[in-house]
Amino acid sequence: MSHAWAIVCGLDVMPQLLRLSQDQLGIFSLRQARELHISENAITHAVAKGRLRRVRTGILAIAGATDSWEQHVLAAVLAGNENCFASHATAAKVCSLTTARPDIIEVTALIDRQLRIPGVRAHRCGTLHEHDITEVRGIPVTSPARTIVDLSSRSSVDELAKLIDAGLRQRVLTLAALHACLVRLGIAPGRSPKKLQAVLAARTPGYEPGESTLETAVFDAIVRGGLPAPVRQFPVKLGRTPYRLDLAYPEQRIAIEVDGFDFHRTRSDFDRDRTRQNALVLARWTVLRFTSQSTAAEIVESVRGALFGQSHGS
26 MSHAWAIVCG LDVMPQLLRL SQDQLGIFSL RQARELHISE NAITHAVAKG
76 RLRRVRTGIL AIAGATDSWE QHVLAAVLAG NENCFASHAT AAKVCSLTTA
126 RPDIIEVTAL IDRQLRIPGV RAHRCGTLHE HDITEVRGIP VTSPARTIVD
176 LSSRSSVDEL AKLIDAGLRQ RVLTLAALHA CLVRLGIAPG RSPKKLQAVL
226 AARTPGYEPG ESTLETAVFD AIVRGGLPAP VRQFPVKLGR TPYRLDLAYP
276 EQRIAIEVDG FDFHRTRSDF DRDRTRQNAL VLARWTVLRF TSQSTAAEIV
326 ESVRGALFGQ SHGS
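Each residue of the sequence shown is one higher than the one before, counting from 26 in the numbering used here.
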(Lines of atoms letter the chains of each structure in order from A; the text may use other names.)
(Lines give C-alpha, C1' and ligand atoms only; values in the text may rest on other atoms or scores of the structure.)
Protein backbone atom coordinates (compact mmCIF):
# COMPACT_ATOMS: atom_id res chain seq x y z
CA MET A 26 0.00 0.00 0.00
CA SER A 27 1.36 3.44 -0.99
CA HIS A 28 1.98 6.08 1.64
CA ALA A 29 -0.58 8.40 0.02
CA TRP A 30 -3.27 5.70 0.01
CA ALA A 31 -2.43 4.80 3.58
CA ILE A 32 -3.10 8.43 4.48
CA VAL A 33 -6.51 8.40 2.78
CA CYS A 34 -7.41 5.11 4.42
CA GLY A 35 -6.86 6.70 7.81
CA LEU A 36 -3.48 5.25 8.79
CA ASP A 37 -1.74 8.63 8.95
CA VAL A 38 -3.15 12.08 8.19
CA MET A 39 -6.77 11.07 7.48
CA PRO A 40 -7.80 11.43 11.13
CA GLN A 41 -6.77 15.10 10.87
CA LEU A 42 -8.78 15.46 7.67
CA LEU A 43 -11.78 13.83 9.30
CA ARG A 44 -11.52 16.19 12.27
CA LEU A 45 -11.23 19.15 9.89
CA SER A 46 -14.27 18.10 7.89
CA GLN A 47 -16.32 17.54 11.06
CA ASP A 48 -15.80 21.20 11.90
CA GLN A 49 -16.73 22.15 8.31
CA LEU A 50 -20.05 20.37 7.75
CA GLY A 51 -18.25 17.31 6.42
CA ILE A 52 -16.31 19.05 3.63
CA PHE A 53 -12.79 20.28 2.88
CA SER A 54 -10.85 21.89 0.06
CA LEU A 55 -8.00 20.44 -1.98
CA ARG A 56 -5.87 23.28 -0.65
CA GLN A 57 -6.54 22.12 2.90
CA ALA A 58 -5.79 18.52 1.91
CA ARG A 59 -2.48 19.55 0.40
CA GLU A 60 -1.60 21.32 3.65
CA LEU A 61 -2.07 17.93 5.31
CA HIS A 62 0.25 16.38 2.68
CA ILE A 63 -2.53 14.40 0.99
CA SER A 64 -1.98 14.16 -2.77
CA GLU A 65 -4.64 14.79 -5.42
CA ASN A 66 -4.07 11.27 -6.75
CA ALA A 67 -4.99 9.88 -3.34
CA ILE A 68 -8.10 12.06 -3.28
CA THR A 69 -9.11 10.93 -6.79
CA HIS A 70 -8.71 7.29 -5.74
CA ALA A 71 -10.85 7.87 -2.63
CA VAL A 72 -13.57 9.45 -4.79
CA ALA A 73 -13.50 6.44 -7.12
CA LYS A 74 -13.87 4.14 -4.11
CA GLY A 75 -16.84 6.13 -2.82
CA ARG A 76 -15.06 7.34 0.30
CA LEU A 77 -15.26 10.96 -0.81
CA ARG A 78 -17.61 12.88 -3.11
CA ARG A 79 -17.07 16.08 -5.05
CA VAL A 80 -19.21 19.05 -3.99
CA ARG A 81 -17.79 21.59 -6.48
CA THR A 82 -14.43 22.19 -8.15
CA GLY A 83 -11.74 21.85 -5.51
CA ILE A 84 -14.17 20.96 -2.71
CA LEU A 85 -14.92 17.45 -1.46
CA ALA A 86 -17.11 15.86 1.18
CA ILE A 87 -16.61 12.83 3.36
CA ALA A 88 -18.93 10.03 2.22
CA GLY A 89 -22.09 10.09 4.31
CA ALA A 90 -21.88 13.79 5.18
CA THR A 91 -25.30 15.42 4.89
CA ASP A 92 -25.81 17.32 1.63
CA SER A 93 -27.36 20.61 2.78
CA TRP A 94 -27.75 24.23 1.70
CA GLU A 95 -25.36 25.34 4.44
CA GLN A 96 -22.80 22.82 3.21
CA HIS A 97 -22.99 24.38 -0.26
CA VAL A 98 -22.57 27.84 1.28
CA LEU A 99 -19.41 26.72 3.05
CA ALA A 100 -18.22 25.04 -0.15
CA ALA A 101 -18.51 28.38 -1.96
CA VAL A 102 -16.58 30.11 0.83
CA LEU A 103 -13.83 27.47 0.76
CA ALA A 104 -13.67 27.76 -3.03
CA GLY A 105 -12.78 31.42 -2.52
CA ASN A 106 -9.84 30.36 -0.35
CA GLU A 107 -8.61 32.67 2.40
CA ASN A 108 -10.40 35.87 3.44
CA CYS A 109 -13.65 34.83 1.80
CA PHE A 110 -16.93 34.72 3.71
CA ALA A 111 -20.67 34.34 3.19
CA SER A 112 -22.41 37.69 2.91
CA HIS A 113 -25.51 39.68 1.98
CA ALA A 114 -28.73 37.63 1.65
CA THR A 115 -26.83 34.40 2.25
CA ALA A 116 -25.44 35.77 5.51
CA ALA A 117 -28.91 36.90 6.55
CA LYS A 118 -30.13 33.30 6.30
CA VAL A 119 -27.04 31.81 7.97
CA CYS A 120 -27.30 34.31 10.86
CA SER A 121 -31.04 33.58 11.33
CA LEU A 122 -32.09 37.11 10.41
CA THR A 123 -34.57 35.59 7.96
CA THR A 124 -36.02 32.20 7.15
CA ALA A 125 -35.92 32.92 3.40
CA ARG A 126 -33.29 30.93 1.53
CA PRO A 127 -31.82 33.05 -1.30
CA ASP A 128 -31.80 31.71 -4.86
CA ILE A 129 -28.08 32.31 -5.25
CA ILE A 130 -25.21 32.04 -2.78
CA GLU A 131 -23.32 35.29 -2.13
CA VAL A 132 -19.79 35.65 -0.78
CA THR A 133 -17.42 38.56 -0.26
CA ALA A 134 -13.63 38.85 -0.36
CA LEU A 135 -11.22 41.72 0.15
CA ILE A 136 -11.07 44.26 -2.67
CA ASP A 137 -7.59 43.19 -3.82
CA ARG A 138 -9.02 39.85 -5.00
CA GLN A 139 -11.19 39.11 -8.02
CA LEU A 140 -13.34 36.07 -7.28
CA ARG A 141 -14.93 33.94 -9.98
CA ILE A 142 -16.82 31.02 -8.48
CA PRO A 143 -19.32 29.24 -10.76
CA GLY A 144 -22.92 29.71 -9.62
CA VAL A 145 -21.93 32.16 -6.89
CA ARG A 146 -22.36 35.94 -6.74
CA ALA A 147 -19.05 37.34 -5.50
CA HIS A 148 -18.56 40.79 -3.98
CA ARG A 149 -15.45 42.71 -2.95
CA CYS A 150 -15.07 45.03 0.02
CA GLY A 151 -12.44 47.61 0.85
CA THR A 152 -13.33 48.08 4.51
CA LEU A 153 -13.31 45.13 6.89
CA HIS A 154 -13.19 45.42 10.67
CA GLU A 155 -12.53 42.51 13.01
CA HIS A 156 -16.11 42.79 14.31
CA ASP A 157 -17.49 42.44 10.77
CA ILE A 158 -16.74 38.71 10.51
CA THR A 159 -17.99 35.87 12.66
CA GLU A 160 -18.51 32.12 12.30
CA VAL A 161 -21.84 30.32 12.40
CA ARG A 162 -21.92 26.52 12.39
CA GLY A 163 -18.46 26.48 10.87
CA ILE A 164 -19.27 29.02 8.13
CA PRO A 165 -17.21 32.24 7.99
CA VAL A 166 -19.88 34.91 7.55
CA THR A 167 -20.42 38.63 7.91
CA SER A 168 -21.73 39.61 11.34
CA PRO A 169 -25.45 40.37 11.66
CA ALA A 170 -24.69 44.10 11.90
CA ARG A 171 -22.44 44.09 8.82
CA THR A 172 -24.97 41.95 6.95
CA ILE A 173 -27.78 44.43 7.56
CA VAL A 174 -25.62 47.38 6.50
CA ASP A 175 -24.59 45.53 3.32
CA LEU A 176 -28.26 44.83 2.52
CA SER A 177 -29.48 48.36 3.26
CA SER A 178 -29.53 49.54 -0.36
CA ARG A 179 -31.38 46.59 -1.88
CA SER A 180 -33.85 46.22 1.02
CA SER A 181 -36.95 48.28 1.75
CA VAL A 182 -37.44 50.04 5.07
CA ASP A 183 -39.89 47.31 6.13
CA GLU A 184 -37.45 44.57 5.16
CA LEU A 185 -34.63 46.21 7.11
CA ALA A 186 -36.92 46.56 10.13
CA LYS A 187 -37.72 42.84 9.99
CA LEU A 188 -34.04 41.91 9.75
CA ILE A 189 -33.15 44.11 12.71
CA ASP A 190 -36.01 42.86 14.87
CA ALA A 191 -35.17 39.25 14.04
CA GLY A 192 -31.57 39.83 15.08
CA LEU A 193 -32.66 41.43 18.34
CA ARG A 194 -35.08 38.59 19.08
CA GLN A 195 -32.44 35.96 18.34
CA ARG A 196 -29.96 37.90 20.51
CA VAL A 197 -27.37 37.90 17.72
CA LEU A 198 -27.57 41.67 17.23
CA THR A 199 -27.54 44.78 19.39
CA LEU A 200 -28.59 48.26 18.33
CA ALA A 201 -25.25 49.57 19.58
CA ALA A 202 -23.36 47.17 17.30
CA LEU A 203 -25.50 48.16 14.33
CA HIS A 204 -25.02 51.88 14.99
CA ALA A 205 -21.25 51.38 15.32
CA CYS A 206 -21.06 49.36 12.10
CA LEU A 207 -23.05 51.96 10.17
CA VAL A 208 -20.80 54.79 11.37
CA ARG A 209 -17.66 52.77 10.67
CA LEU A 210 -18.57 51.83 7.10
CA GLY A 211 -20.19 55.02 5.89
CA ILE A 212 -21.44 55.50 2.33
CA ALA A 213 -20.49 53.03 -0.40
CA PRO A 214 -22.16 51.23 -3.31
CA GLY A 215 -24.78 48.83 -1.98
CA ARG A 216 -25.32 50.73 1.27
CA SER A 217 -28.05 53.20 2.15
CA PRO A 218 -27.18 54.88 5.47
CA LYS A 219 -30.19 57.22 5.33
CA LYS A 220 -32.63 54.36 4.92
CA LEU A 221 -31.06 52.44 7.78
CA GLN A 222 -30.93 55.53 9.99
CA ALA A 223 -34.67 55.98 9.45
CA VAL A 224 -35.29 52.46 10.74
CA LEU A 225 -32.94 52.94 13.69
CA ALA A 226 -34.62 56.22 14.64
CA ALA A 227 -37.68 54.22 15.70
CA ARG A 228 -35.53 51.85 17.75
CA THR A 229 -34.28 53.87 20.69
CA PRO A 230 -32.65 52.36 23.82
CA GLY A 231 -35.13 50.07 25.54
CA TYR A 232 -36.84 49.18 22.26
CA GLU A 233 -38.64 45.83 22.46
CA PRO A 234 -38.76 43.89 19.14
CA GLY A 235 -41.57 41.61 20.26
CA GLU A 236 -41.72 37.87 20.00
CA SER A 237 -42.46 37.57 16.30
CA THR A 238 -42.56 39.29 12.94
CA LEU A 239 -46.35 39.09 13.08
CA GLU A 240 -46.38 41.03 16.35
CA THR A 241 -44.29 43.75 14.70
CA ALA A 242 -46.67 43.81 11.72
CA VAL A 243 -49.67 44.37 14.02
CA PHE A 244 -47.80 47.09 15.93
CA ASP A 245 -46.86 48.84 12.68
CA ALA A 246 -50.44 48.63 11.38
CA ILE A 247 -51.71 50.33 14.54
CA VAL A 248 -49.18 53.16 14.39
CA ARG A 249 -49.57 53.70 10.65
CA GLY A 250 -53.31 53.84 11.18
CA GLY A 251 -52.81 57.00 13.21
CA LEU A 252 -53.43 55.40 16.61
CA PRO A 253 -51.27 55.73 19.73
CA ALA A 254 -48.44 53.22 19.90
CA PRO A 255 -49.22 50.36 22.28
CA VAL A 256 -46.69 49.07 24.81
CA ARG A 257 -44.85 45.97 23.57
CA GLN A 258 -44.39 42.92 25.78
CA PHE A 259 -46.20 44.51 28.70
CA PRO A 260 -45.80 42.62 32.02
CA VAL A 261 -48.96 42.18 34.08
CA LYS A 262 -49.68 40.12 37.20
CA LEU A 263 -53.14 38.63 37.58
CA GLY A 264 -53.56 37.11 41.00
CA ARG A 265 -50.32 35.29 41.67
CA THR A 266 -49.59 34.60 38.02
CA PRO A 267 -47.32 36.90 35.96
CA TYR A 268 -48.09 37.29 32.26
CA ARG A 269 -46.56 39.21 29.38
CA LEU A 270 -48.93 40.72 26.84
CA ASP A 271 -47.87 41.02 23.20
CA LEU A 272 -49.19 44.59 23.01
CA ALA A 273 -51.16 46.64 25.50
CA TYR A 274 -52.70 49.97 26.40
CA PRO A 275 -52.32 49.65 30.18
CA GLU A 276 -54.30 52.77 31.15
CA GLN A 277 -57.27 51.68 29.05
CA ARG A 278 -56.80 48.03 30.10
CA ILE A 279 -56.69 46.83 26.50
CA ALA A 280 -54.65 43.71 25.75
CA ILE A 281 -53.72 42.80 22.18
CA GLU A 282 -52.69 39.22 21.54
CA VAL A 283 -51.10 38.08 18.27
CA ASP A 284 -51.74 34.46 17.34
CA GLY A 285 -49.13 32.96 15.03
CA PHE A 286 -48.86 29.25 14.35
CA ASP A 287 -45.18 29.32 15.29
CA PHE A 288 -45.97 30.46 18.84
CA HIS A 289 -49.25 28.58 19.38
CA ARG A 290 -48.55 25.17 17.93
CA THR A 291 -49.32 22.81 20.80
CA ARG A 292 -52.43 21.99 22.83
CA SER A 293 -50.71 23.20 26.02
CA ASP A 294 -49.98 26.56 24.36
CA PHE A 295 -53.62 26.79 23.29
CA ASP A 296 -54.85 26.00 26.80
CA ARG A 297 -52.48 28.50 28.44
CA ASP A 298 -53.66 31.25 26.09
CA ARG A 299 -57.29 30.64 27.03
CA THR A 300 -56.47 30.59 30.74
CA ARG A 301 -54.66 33.90 30.36
CA GLN A 302 -57.51 35.43 28.38
CA ASN A 303 -60.05 34.40 31.03
CA ALA A 304 -57.86 35.92 33.74
CA LEU A 305 -57.60 39.16 31.77
CA VAL A 306 -61.35 39.37 31.22
CA LEU A 307 -62.03 38.73 34.90
CA ALA A 308 -59.58 41.55 35.69
CA ARG A 309 -61.70 43.84 33.46
CA TRP A 310 -59.31 43.94 30.50
CA THR A 311 -60.57 44.08 26.92
CA VAL A 312 -58.76 41.44 24.86
CA LEU A 313 -58.27 41.77 21.09
CA ARG A 314 -56.79 38.90 19.10
CA PHE A 315 -55.25 39.11 15.63
CA THR A 316 -53.73 36.52 13.28
CA SER A 317 -51.72 36.56 10.08
CA GLN A 318 -55.04 36.74 8.22
CA SER A 319 -56.03 40.02 9.92
CA THR A 320 -55.76 42.96 7.52
CA ALA A 321 -54.29 46.30 8.54
CA ALA A 322 -57.74 47.89 8.16
CA GLU A 323 -59.34 45.30 10.44
CA ILE A 324 -56.62 45.77 13.06
CA VAL A 325 -56.95 49.56 13.06
CA GLU A 326 -60.77 49.45 13.17
CA SER A 327 -60.80 47.03 16.10
CA VAL A 328 -58.18 48.91 18.11
CA ARG A 329 -59.82 52.28 17.42
CA GLY A 330 -63.14 50.88 18.59
CA ALA A 331 -61.59 49.54 21.77
CA LEU A 332 -59.79 52.82 22.48
CA PHE A 333 -62.52 55.31 21.68
CA GLY A 334 -65.75 53.39 21.29
CA GLN A 335 -66.27 52.29 24.87
CA SER A 336 -65.21 52.96 28.44
CA HIS A 337 -62.70 50.68 30.13
CA GLY A 338 -62.00 49.86 33.72
CA SER A 339 -65.33 51.12 35.04
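Glycine included, every Cβ here is placed at the ideal spot set by N, Cα and C.
Annotation: the continuous alpha helix (DSSP H) that includes L239 extends over T238 to R249. Only residues of its own chain outside the window of five on either side were considered, and among them D190 and G235 have a CB closer than 6 Å to the CB of T241, listed in chain order. One thing to note: P260 has its Cβ no nearer than 8 Å to the Cβ of F244. Shown here, L203 sits in a helix according to DSSP, grouped into three states. Rounded to whole angstroms, the separation of the alpha carbons of D298 and T266 is 13 Å. Taking 8 Å as the cut-off, the beta carbon of C206 is found closer than this to the beta carbon of A170.
Secondary structure remark: continuous alpha helix (DSSP H) runs of at least 4 residues inside the segment 70-150, in chain order: 94-104 and 113-119. DSSP places R278 in no alpha helix (DSSP H); its state is neither H nor E. A residue is called buried when at least 16 other Cβ atoms come within 10 angstroms of its Cβ; I129 does not meet this threshold and is exposed. Within the DSSP bridge table, the entry for S54 names I84 as partners. Residue burial is scored here from C-beta neighbours: D92 has fewer than 16 other C-beta atoms within 10 angstroms and is therefore classed as exposed. Bounds of the beta strand (DSSP E) holding I158 are I158 to V161. Separation of W310 and V80 (C-alpha to C-alpha, rounded to the nearest whole angstrom) is 58 Å.
Look at P218 here: in three-state DSSP terms it is helix.
For A117, the closest alpha carbon among the candidates G192, G285 and V182 is that of G192. Of the candidates L99, G264, T115 and H97, the residue whose Cα lies closest to the Cα of A125 is T115. Residue burial is scored here from C-beta neighbours: I68 has at least 16 other C-beta atoms within 10 angstroms and is therefore classed as buried.
Going by DSSP, Q195 is part of the alpha helix (DSSP H) stretching over V182 to Q195.
For L263, the enclosing beta strand (DSSP E) stretches over residues V256 to L263. Setting aside the 5 residues that flank it on each side, A186 is surrounded in the same chain by V224, each with a C-beta closer than 6 Å to its C-beta; the list follows chain order.
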